[in-house]
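Per the numbering used here, the sequence shown starts with residue 1404, numbered consecutively. Cβ atoms here follow ideal geometry from the backbone N, Cα and C, with glycine treated the same way. Below is one structure, written out as structure tokens; the observations come after it.
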Amino acid sequence: TELPPDGLSRMLAFMEEHPDAGVAGPRLILRDGSLDLACRRSFPSPAISFYRLSGLSRLFPRSRLFGRYNLTYLDPGEMTEVDAVVGAFMLVRREAIVDVGLLDENFFMYGEDLDWCYRIKAAGWKVYYNPAVTVLHVKRAASQHSARAQVEFWRAMRLFYQKHYAAQTPWPVHILILAALAVRAGLERVRQRLVTGLEVGK
């Protein structure tokens, strides 16, 4: 991440102005100037995950129902309370950390920021997206596109689901969710083997 010279001080000032904020994150943009959609999110509940997996969130990004994961129906310039911000840049209040503890090390590469925000919100704190500060998020191509990274993403989604939603999900739906996550991770492993085979054959 690349911060503007006053980025950190302005985010700290935001935290001071919002004493109920356990977490705050800025607007993150990518190299091409587009919004990094992960900088403001809802938790991937079973329903929201279905909208994303089924492609409904891409077909209807302006829908308040289907666009809830990345909150694509909201104005990117609007300061708002959200479920989660991305770990690339997030300020976490010390008192909130004392309340809930540190990051869960069972998550690897993905999901640890979602889990932390979930626990912090459950403890009564708020999570804010503050677009008054813009930060450049330089994503590495290797981690963004590699099959290993994609496998870890789906593993993190399974872990998040099992930790926070499985106990309250009817068992037929529970089985379907686990199967869908396993299939997605399996497809990524197959893709990785095919890509590796093609590279070896060159």
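Item checked: Segments assigned beta strand (DSSP E), at least 3 residues, entirely inside the stretch 1440 to 1498 -> 1483 to 1485
Margin query: By the three-class DSSP mapping on this structure, what secondary structure does A1526 have?
Written below: Here residue 1526 is taken as the residue at index 123 of the sequence shown, counted from 1. Three-state result, A1526: coil.
Margin query: Let me make sure I understand the geometry here. Which of P1449, R1496, G1514 and H1540 has the alpha-carbon closest to that of A1526?
Written below: The count along the sequence shown starts at 1 and reaches residue 1526 at position 123. Across the set P1449, R1496, G1514 and H1540, the C-alpha of R1496 shows the shortest separation from the C-alpha of A1526.
Notebook entry, point to check: Among A1491, A1450, S1445 and L1506, which one has its Cα closest to the Cα of L1477?
Noted result: As a first step, residue 1477 is located in the sequence shown; it is residue number 74 there, counting from the start. Of the listed residues, the one whose Cα sits closest to L1477 is S1445.
Check: Do the stretch 1445 to 1454 and the stretch 1534 to 1542 touch if we need at least three Cβ pairs shorter than 8 Å?
Finding: no
Check: In angstroms, rounded to a whole number, what distance separates the CA positions of G1410 and L1462?
Finding: By 1-based counting over the sequence shown, the position of residue 1410 is 7. By 1-based counting over the sequence shown, the position of residue 1462 is 59. Using only the alpha carbons, I get a separation of about 34 Å.
Check: Which residue from Q1553, K1529, L1440 and P1407 puts its Cα closest to that of P1422?
Finding: Residue mapping note: residue 1422 aligns to position 19 of the sequence shown, counting from 1. Per the Cα distances, K1529.
Margin query: I believe A1491 touches L1415 by the beta-carbon criterion, under 8 Å. Please report the beta-carbon distance rounded to the nearest angstrom.
Written below: Within the sequence shown, numbered from 1, the residue matching residue 1491 stands at position 88. Within the sequence shown, numbered from 1, the residue matching residue 1415 stands at position 12. The Cβ separation is near 17 Å, so there is no contact.
Next item on the list: From the DSSP output, in three-state form, read off V1536 for me.
Entry: Taking the sequence shown and counting its residues from 1, the one referred to as residue 1536 is at position 133. V1536: strand per DSSP, three-state reduction.
Item checked: Cβ shell of E1405 (< 6 Å), same chain only, five flanking positions each side left out -> Here the question's residue 1405 lines up with position 2 in the sequence shown. Cβ neighbours of E1405 beyond the five flanking positions: L1539.
Next item on the list: Look up G1410 in the DSSP assignment and say whether it is helix, strand or coil.
Entry: Taking the sequence shown and counting its residues from 1, one reaches residue 1410 at position 7. Secondary structure at G1410: helix, using DSSP grouped into helix, strand and coil.
Item checked: Pairwise C-alpha distance: E1481 and W1519 -> What you label residue 1519 is simply residue 116 of the sequence shown in a count that begins at 1. What you label residue 1481 is simply residue 78 of the sequence shown in a count that begins at 1. Distance between the alpha carbons of W1519 and E1481: 23 Å.
Margin query: My output table needs one value for E1405: the three-state DSSP class, helix, strand or coil.
Written below: Taking the sequence shown and counting its residues from 1, one reaches residue 1405 at position 2. Of the three classes helix, strand and coil, the one that applies to E1405 here is strand, per DSSP.
Next item on the list: Note down the Cα distance separating V1501 from P1407, rounded to an integer number of angstroms.
Entry: Numbered from its first residue, the sequence shown carries residue 1501 at position 98. Numbered from its first residue, the sequence shown carries residue 1407 at position 4. Using only the alpha carbons, I get a separation of about 29 Å.
Next item on the list: Only counting runs of 3 or more residues, tell me where the beta strand (DSSP E) segments fall wholly within the stretch 1548 to 1587, in order along the chain.
Entry: none
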